[in-house]
Amino acid sequence: MSVCHFPPGTSKWNKVEHRLFSFISSNWRGEPLRDYETIVNLISRTTTAKGLRVICRLDRRKYPTDQKVTDEEIKRVNLKRNTFHGDWNYTIYPSRGNHS
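265 is the number of the first residue of the sequence shown in this note's numbering; add one for each residue after it.
Right, dumping it as structure tokens:
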């Protein structure tokens, strides 16, 4: 899995984010955000003048929280940092060894 983060403070330069979120905000203006279903429906109805559509789904699966990861587990992550800003850009490969 390759991960590429925007550096801190640079989301203002993300044109897709700005173009899309302005339409999402306009679409739900004045609507009470009562529950997750309402929010998902309002986001899913969003389109732009150029035909960009939003696909949105609510993930109802339960995920464990407050999981502690040991230093040893972190060391076993097969992570390769990119030569250009490896703190922002990296690839995680399948694990090197058995994890329980």
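Virtual Cβ for every residue (Gly too), placed ideally from N, Cα, C. Computed from a predicted model, the values in this text were never measured in an experiment.
Do you know offhand how far residue i's Cα is from residue j's?
i           : j           : result
residue 294 : residue 306 : 11 Å
residue 329 : residue 354 : 24 Å
residue 331 : residue 300 : 25 Å
residue 334 : residue 285 : 37 Å
residue 302 : residue 347 : 43 Å
residue 216 : residue 349 : Examination of residue 216 is not possible in this model, given that the chain is present from 265 through 364 alone.
residue 267 : residue 344 : 10 Å
Short of 7 Å in beta carbon distance, which residues of its chain neighbour residue i, apart from the five on each side in sequence? Order them along the chain.
i           : result
residue 273 : none
residue 292 : 306
On the three-state DSSP scale, how would you describe residue i?
i           : result
residue 267 : strand
residue 354 : strand
residue 342 : strand
residue 302 : helix
Residues in its own chain within less than 8 Å of residue i by CB, not counting five upstream and five downstream?
i           : result
residue 359 : 340, 341 and 342
Please report the Cβ distance between residue i and residue j, rounded to the nearest whole angstrom; I am assuming they are in contact, meaning their Cβ atoms lie under 8 Å.
i           : j           : result
residue 304 : residue 321 : 7 Å
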